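Residue numbers for the sequence shown follow my numbering, beginning at -9 and rising by one. Don't be surprised by glycine CBs; every beta carbon is placed ideally from N, CA and C. These figures come from a predicted structure and were not determined experimentally. Below: the structure, in structure tokens.
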Amino acid sequence: MDQQKTGHARGEAEAGHPIPHPHPMDDQVDQDDPYVRYPRHRRYHLYEATALLLILSGLVHLVVFAVDGGPWNGPVSWRKPVTFGLSFGVTLLAVVRVTSYVRVGPRLRAALLGVFAADCVVEVAGITLQAWRAVPSHLDMETPFDTAVSMVLAVGGGVLVVLLAGFAVASFRHRPTGPAGMALAVRSGFAILLVALASGAAMIARGVVLTRTGHQEAAYDSTASLKPLHGVSLHAVLVLPALAWLVSRTPWSEAVRRRIVAAAVGCYAAAVGAAGVWAVLKY
-9 MDQQKTGHAR GEAEAGHPIP HPHPMDDQVD QDDPYVRYPR HRRYHLYEAT
41 ALLLILSGLV HLVVFAVDGG PWNGPVSWRK PVTFGLSFGV TLLAVVRVTS
91 YVRVGPRLRA ALLGVFAADC VVEVAGITLQ AWRAVPSHLD METPFDTAVS
141 MVLAVGGGVL VVLLAGFAVA SFRHRPTGPA GMALAVRSGF AILLVALASG
191 AAMIARGVVL TRTGHQEAAY DSTASLKPLH GVSLHAVLVL PALAWLVSRT
241 PWSEAVRRRI VAAAVGCYAA AVGAAGVWAV LKY
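If you want it as structure tokens, here you go:
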């Protein structure tokens, strides 16, 4: 019986029909949806629920801003819990999905995503707390408590850099799985995300130096030139894999789908490059 099955499988392979096989990283895969390729485990649903709560927090604070008013820009503004809640929520949701294509062991991936989700919550919670206290969330050294919050946010940012850089390295060490164009989308998304992390670290580093030398207002103003670069490059890890997934649902050939993803990567890289030039000119 086993020999018959083996012979049948070999015949299918020789006829040009692929032999179905489980996902290399996960035990249970939804084969009907090539984008949702992760185990049906409650931990992953918990991470996604956490991401949705962060997004909800951002939307709630958008309503608070509409009711309470105040400035949209500046170090003390409802803008910060809105944008950080939405950005961290969307990024967490994207990373949970996209890392299912990265060749990382399921246990290690679950553990890393758990730390990442917790760190996202800490970052948004600290920023939201300071917004309700009507004080800056970053680069605020006025009181011991404010200094502690700023340091927690800075350390949390460092943890984010390490985790996401680890996933990026893993995506380049072994070709990601998925439909046509997904490997390029995942690798490009993580590579551009590293630009966002570097620009964010540069903002914090420059701001801390200015704050420590007694130039508090200059510290707040110093981040303006890098914000467009940071914002544009932050969500490539969502946009590019999502596009690869969308075109995988079309009847187009694999060659056409790969060209579409490659063109999108080129356009996104051009946008990041333009934001980088603007940052250099305004820095």
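Nonlocal neighbours in the same chain, by C-beta distance under 6 angstroms from ALA170, ignoring five residues either side: Residue numbering aside, residue 170 sits at position 180 when the sequence shown is read from its first letter. So the qualifying residues of the chain are GLU244, ARG247 and ARG248.
Taking only the alpha-carbon atoms, compute the straight-line gap between CYS257 and VAL86 and give it to the nearest angstrom. Taking the sequence shown and counting its residues from 1, one reaches residue 257 at position 267. Taking the sequence shown and counting its residues from 1, one reaches residue 86 at position 96. If you take the alpha carbons of CYS257 and VAL86, they lie about 25 angstroms apart.
Below 7 angstroms CB to CB, which residues in the same chain sit around GLU38 once its five sequence neighbours on both sides are set aside? Walking along the sequence shown from the start, residue 38 turns up at place 48. Excluding positions up to five away in sequence, the list reads LEU83 and VAL86.
Among residues of its own chain, excluding the 5 on either side of THR40, which ones have a beta-carbon nearer than 6 angstroms to its beta-carbon? Stepping through the sequence shown from its first residue, residue 40 is reached at position 50. So the qualifying residues of the chain are ALA107.
Entirely enclosed alpha helix (DSSP H) segments - the stretch 105 to 183, minimum 4 residues: 134 to 163
As assigned by DSSP and simplified to three states, the class of PRO96: The residue given as residue 96 occupies position 106 in the sequence shown. Residue state, collapsed to three classes: helix.
From which residue to which residue does the alpha helix (DSSP H) around ARG248 run? Position 258 of the sequence shown holds residue 248. Note, ARG248: alpha helix (DSSP H), 244 to 272.
Could you confirm whether any beta carbon from chain C is found closer than 8 angstroms to the beta carbon of PRO65? Absence of chain C from the displayed structure is noted, only one protein chain being present.
Taking VAL270 as the reference, which of ASP58, HIS220 and ALA138 has the closest Cα? By one-based count along the sequence shown, residue 270 stands at place 280. Ranking ASP58, HIS220 and ALA138 by Cα distance to VAL270 puts HIS220 first.
C-alpha gap between ILE194 and THR118, whole angstroms: Within the sequence shown, residue 194 is the residue found at index 204, counting from 1. Within the sequence shown, residue 118 is the residue found at index 128, counting from 1. Straight-line Cα distance between these residues: approximately 18 angstroms.
Distance CB(ALA160)-CB(LEU184) smaller than 8 angstroms: Sequence index remark: in the sequence shown, residue 160 carries index 170 (1-based). Sequence index remark: in the sequence shown, residue 184 carries index 194 (1-based). Not a contact, by the Cβ cut-off of 8 angstroms.
Alpha-carbon spacing of ALA264 relative to THR167, whole angstroms: The count along the sequence shown starts at 1 and reaches residue 264 at position 274. The count along the sequence shown starts at 1 and reaches residue 167 at position 177. Those two C-alpha atoms are separated by around 31 angstroms.
For the stretch 64 to 84 against the stretch 40 to 50, are there 3 or more C-beta pairs whose distance is under 8 angstroms? yes
Is VAL221 helix, strand or coil by DSSP? As a working mapping, residue 221 is identified with position 231 in the sequence shown. According to the sequence provided, residue 221 is Gly. The question's Val does not apply to it. Correct three-state label for GLY221: helix.
Quick check on the burial criterion: 16 or more other C-beta atoms within 10 angstroms. Buried or exposed for LYS272? One-based indexing of the sequence shown puts residue 272 at position 282. By the 10 Å Cβ count, LYS272 comes out exposed.
Is PRO231 helix, strand or coil by DSSP? One-based indexing of the sequence shown puts residue 231 at position 241. Three-state result, PRO231: helix.
For VAL267, I'd like the list of residues in its chain whose CB is within less than 8 angstroms of its CB, leaving aside the five on either flank, ordered along the chain. Counting from 1 along the sequence shown, the entry for residue 267 is found at position 277. Closer than 8 angstroms at the Cβ level, and outside the excluded window around VAL267, lies no residue.
Cα-Cα, which of ARG165, VAL237, MET141 and PRO231 is closest to VAL112? The sequence position of residue 112 within the sequence shown is 122, counting from 1. Nearest to VAL112 by alpha-carbon distance, out of ARG165, VAL237, MET141 and PRO231, is MET141.
Suppose contacts are defined by Cβ-Cβ distances below 8 angstroms. Is GLN120 in contact with VAL139 by that definition? The residue labelled residue 120 in the question sits at position 130 within the sequence shown. The residue labelled residue 139 in the question sits at position 149 within the sequence shown. The answer is yes: Cβ separation under 8 angstroms.
Is the beta carbon of ARG99 sitting closer than 8 angstroms to the one on THR89? In the sequence shown, the residue the question calls residue 99 occupies position 109. In the sequence shown, the residue the question calls residue 89 occupies position 99. Cβ atoms of ARG99 and THR89: closer than 8 angstroms.
Please confirm whether GLY146 and ALA191 have their CB atoms less than 8 angstroms apart. As a first step, residue 146 must be located in the sequence shown, where it is residue number 156. As a first step, residue 191 must be located in the sequence shown, where it is residue number 201. No. Outside cutoff.
What separation, rounded to the nearest whole angstrom, lies between the Cα atoms of LYS217 and VAL72? As a position in the sequence shown, residue 217 is number 227, starting the count at 1. As a position in the sequence shown, residue 72 is number 82, starting the count at 1. Cα to Cα, LYS217 sits roughly 15 angstroms from VAL72.
Taking the beta carbon of ASP58 as the centre, do at least 16 other beta carbons fall within 10 Å, making it buried, or is it exposed? Counting from one through the sequence shown, the residue named residue 58 turns up at place 68. So ASP58 ends up on the exposed side.
Less than 8 angstroms between the beta carbons of SER189 and SER223, yes or no? Your numbering for residue 189 matches position 199 in the sequence shown. Your numbering for residue 223 matches position 233 in the sequence shown. Closer than 8 angstroms, so yes.
Going by the CB atoms, is the gap between LEU233 and VAL262 shorter than 8 angstroms? By one-based count along the sequence shown, residue 262 stands at place 272. By one-based count along the sequence shown, residue 233 stands at place 243. No. Outside cutoff.
Delimiting residues of the alpha helix (DSSP H) encompassing VAL72: Along the sequence shown, read from residue 1 onward, the residue named residue 72 stands at position 82. Element bounds for VAL72: 69 to 88.
Would you mind working out which of SER215, ASN63 and PHE162 sits nearest ALA181, comparing C-alpha positions? Sequence index remark: in the sequence shown, residue 181 carries index 191 (1-based). Selected option, being the one with the closest Cα: PHE162.
Hey, how far is the Cα of CYS35 from the Cα of CYS110? As a first step, residue 35 is located in the sequence shown; it is residue number 45 there, counting from the start. As a first step, residue 110 is located in the sequence shown; it is residue number 120 there, counting from the start. Note that residue 35 is His in the sequence shown, not Cys. Near 16 angstroms, if we compare the C-alpha coordinates of CYS110 and HIS35.
Which residue's Cα is closest to the Cα of MET131: HIS225, VAL229 and GLY204? Stepping through the sequence shown from its first residue, residue 131 is reached at position 141. MET131 has its Cα closest to that of GLY204, out of HIS225, VAL229 and GLY204.
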